[in-house]
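S.K.: What follows is a single structure, and I will ask about it in a moment.
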Amino acid sequence: MTGEQLLQGLWAILPEIVLLLLGILVITIDLIKPGQRKGRTFGALTIGGALVTTLIIIYQAINQPPEPVLAFAGMVRIDLFVQMFRLMFSVALLLAALISLDVKGVKTNGEFYGLLIFSTVGMGFMAASNNIVMLYVGLETTSIALYMLAGFIRESTVSTEAGMKYFLFGAFTSTILLYGLSLLFGFTGGKTGYAEIAATLQQLAAQQETLPLMVALVLIAVGFGFKVAAVPFHMWTPDVYEGSPTPITAFISVASKAAGFAVFIRFFLIVFGPLQEQWIGFVALLAAVTMTLGNLVAMQQRNFKRMLAYSSIAQAGYLLIGVTAVGELGTAAVLFYLATYVLTNIAAFAVAEIATNATGSELIKDMAGLSRRAPGIAFALLAAMLSLAGVPPLAGFFGKFYVFQAAIGYTNPTGQNSLVWLAILGVLNSIVALYYYLMVLKVTYVDRAEGEDVPLTTSGGFKLALATTVAGMIFFGIFATPLYTLSTLAAQAVR
Amino acid sequence: MTIPLSWYLVVAAVLFCIGIYGVLARRNAVGILMGVELMLNAVNINLVAFWRYLNPTDAAGQVFALFVLVVAAAEAVVGLALIISVYRNRTSIDAENINLLKQ
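For the record, the sequence lines run as chains A and B. In case it helps, this note's numbering puts the first sequence at residues 5 to 499. In case it helps, this note's numbering puts the second sequence at residues 62 to 164.
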């Protein structure tokens, strides 16, 4: 490797380098000043670092060469697709740090912010991976940090339980994924790069030798299904979402899911591209089951965080429709959907944390009277719920619109469209989902509660996070075109 | 006489299945973790066997196996720490009893 190549490689992964240094800095400060009151130092550092990273990513994305940059002997591949995911991760980190500033048990803890940053680094490498070794290392860097964060509040029985469950499911499914990767490594004659594997698979598919490959594909899909919380690999989701500290729940539900979709799309479109005809039916089934089960179970939930967990399973189902509709249209739809979903779900969980702090309960019925105690917070909840339900003029509407459009516009190699049923099922599911999202709004806006004239004070971090996310939801709901154009450009860069 | 590649793959597959059985059948969290470790070992046997028989000049398989070892160690450390913190809160690590979040 020449010096110039090394510099180019370092420039390509600069956002991850900055975040890694930031994480080490945060943990070091935490170590060398034990027992002192450090207040918001770590939160402020994390937010500042995430801002700098976001700016670096934007600068890199603007100057992105048309050809993808392959760095470190093809280990990572940076293109607009990766840049867009990195942007989502760093914005999610920024917002998660903002809503952690006033959460009991985590707000002044340096390790908490350090782990949050390390997991973001892992996500960046997951999205950028161009080699199965890199993919596995990125995935585990993300997951291991998130296991610790889920169980971060050691005195709390629910938090530790959430951490342990997340760990046990995560370790199990990532090992199944790894076994699939090892088989793929063998079937392709000892190749690890995505492009090399895809080329070998092309030959094998031409010789009709697909059965062993399908075994590897299913094993790998288990690991990705866990990451994006798709049925039947969703069992951990409700418990982990309910038990983890709320900022972590928000972070897992958006950033970890986005990272899961980044590798899902890359891997299934590039590496398993030659097997497309075989896996489309499989993933379509996964999408159908995921959104239906998520929505049906979400209706019965009384705990707000648990309801949001099932709602996020359902959202994974809608996103999988976009993956199934292979091609630019489908990928662009997923990217747009995920970008708006980052804003929406973080807002929803921020409101959940505020309501829990005010009433000491996570139940939906105890959110009654929120609209009179804190009109601003209730408005943020209104925007988030309507955006999740896909009501115009909020950003979530266009996300769903583009995903269903992609499914309807999809044509398979024989020129037929086999996905209209999936789009129809998706629309039906959105109607079902409207019920439980509106129930939450009915409780907060219509139901009366004792002490509802006591105004609720909220701290600055929450206010800033909510203002940003609500502004984003409304902006992208009215002016969807710029973001969709970016998504389309990013989708074109996948191939 | 050389041992054919398929023998190694069969051993790995059997080990993997024993691991899955352990994860699904064990109720003790440490037992589940041991099942996962068996599965990881199956992966390593696969990787090293494939490397030796198919592409011995390229070190990718060996390197992959080493990465798996390191990650498995990190995972075990975090997992055991989480199990200890659960144990401190309720003096049990039986997966069936850990169900506060289900109600």
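The C-beta atom is built at its ideal place from N, Cα and C for all residues, glycine as well.
Identify which residue in A:172, A:11, A:65, A:185 has its Cα closest to the Cα of residue 91 of chain B.
M.R.: Here the closest residue by C-alpha is A:172.
S.K.: For the putative contact between residue 247 of chain A and residue 162 of chain A, defined by C-beta atoms under 8 Å, what is the C-beta separation to the nearest angstrom?
M.R.: Indeed, because the Cβ distance is near 4 Å, the residues count as touching under 8 Å.
S.K.: How about residue 222 of chain A and residue 237 of chain A: do their beta carbons lie closer than 8 Å?
M.R.: no
S.K.: Does DSSP put residue 352 of chain A in a helix, a strand or coil?
M.R.: helix
S.K.: Going by C-alpha to C-alpha distance, which of A:405, A:181, A:277 sits closest to residue 210 of chain A?
M.R.: Here the closest residue by C-alpha is A:277.
S.K.: Give the interface partners of residue 151 of chain B over in chain A, defined as CB-CB distance under 9 Å, in chain order.
M.R.: 161, 164, 165
S.K.: Straight-line CA distance for residue 327 of chain A to residue 456 of chain A?
M.R.: Straight through space, the alpha carbons of residue 456 of chain A and residue 327 of chain A are spaced by roughly 45 Å.
S.K.: Is it right to say residue 428 of chain A is buried, meaning 16 or more other beta carbons lie within 10 angstroms of its own, or is it exposed?
M.R.: exposed
S.K.: Anything in chain B within Cβ reach of residue 152 of chain A, meaning under 9 Å, just list it in chain order.
M.R.: 139, 142, 143
S.K.: Whose C-beta lies closer than 6 Å to the C-beta of residue 178 of chain A among residues of the same chain, with five residues either side of it excluded?
M.R.: 227
S.K.: Let me confirm a value: residue 299 of chain A is counted as buried when at least 16 other C-beta atoms fall within 10 Å, else exposed. Which label applies?
M.R.: buried
S.K.: With 8 Å set as the bound, which would you pick, yes or no: does the beta-carbon of residue 83 of chain B sit closer than that to a beta-carbon of chain A?
M.R.: no
S.K.: Under 8 Å by Cβ, that's how I've got residue 371 of chain A and residue 308 of chain A pegged, so tell me the actual separation to the nearest angstrom.
M.R.: Going by Cβ atoms, the distance from residue 371 of chain A to residue 308 of chain A rounds to 7 Å, so yes, they are a contact pair.
S.K.: For residue 124 of chain A, is the classification buried or exposed, using 16 other Cβ atoms within 10 angstroms of its Cβ as the cut-off for buried?
M.R.: Looking at its Cβ environment, which holds 16 or more other Cβ atoms inside 10 Å, residue 124 of chain A is buried.
S.K.: Please report the straight-line C-alpha distance between residue 134 of chain A and residue 441 of chain A, rounded to a whole angstrom.
M.R.: 39 Å
S.K.: Residue 215 of chain A: which of A:232, A:188, A:239 sits nearest, CA to CA?
M.R.: A:188
S.K.: Quick check on the burial criterion: 16 or more other C-beta atoms within 10 angstroms. Buried or exposed for residue 183 of chain A?
M.R.: buried
S.K.: Please confirm whether residue 373 of chain A has its beta-carbon closer than 8 Å to some beta-carbon of chain B.
M.R.: For residue 373 of chain A, not one C-beta of chain B is nearer than 8 Å to its own C-beta.
S.K.: Using a Cβ-Cβ cut-off of less than 7 Å, list which residues of the segment 171-183 of chain A approach chain B; keep chain order.
M.R.: When CB distances to chain B are screened at a threshold of 7 Å, the residues of the segment 171-183 of chain A falling below it are 171, 172, 175, 176, 179, 182, 183, in chain order.
S.K.: Step through the CB atoms of chain B and report whether any lies within less than 8 Å of the CB of residue 93 of chain A.
M.R.: no
S.K.: According to the Cβ coordinates, are residue 79 of chain B and residue 108 of chain B closer than 8 Å?
M.R.: The answer is no: Cβ separation not under 8 Å.
S.K.: Is residue 90 of chain A helix, strand or coil by DSSP?
M.R.: helix
S.K.: Between the segment 96-109 of chain B and chain A, which residues of the former have CB atoms less than 7 Å from a CB of the latter, in chain order?
M.R.: 97, 100, 101, 103, 104, 107, 108
S.K.: Taking the beta carbon of residue 346 of chain A as the centre, do at least 16 other beta carbons fall within 10 Å, making it buried, or is it exposed?
M.R.: Residue 346 of chain A should be labelled buried.
S.K.: What does the Cβ neighbour count give for residue 488 of chain A, buried or exposed, with the cut at 16 atoms within 10 Å?
M.R.: Classification for residue 488 of chain A: buried.
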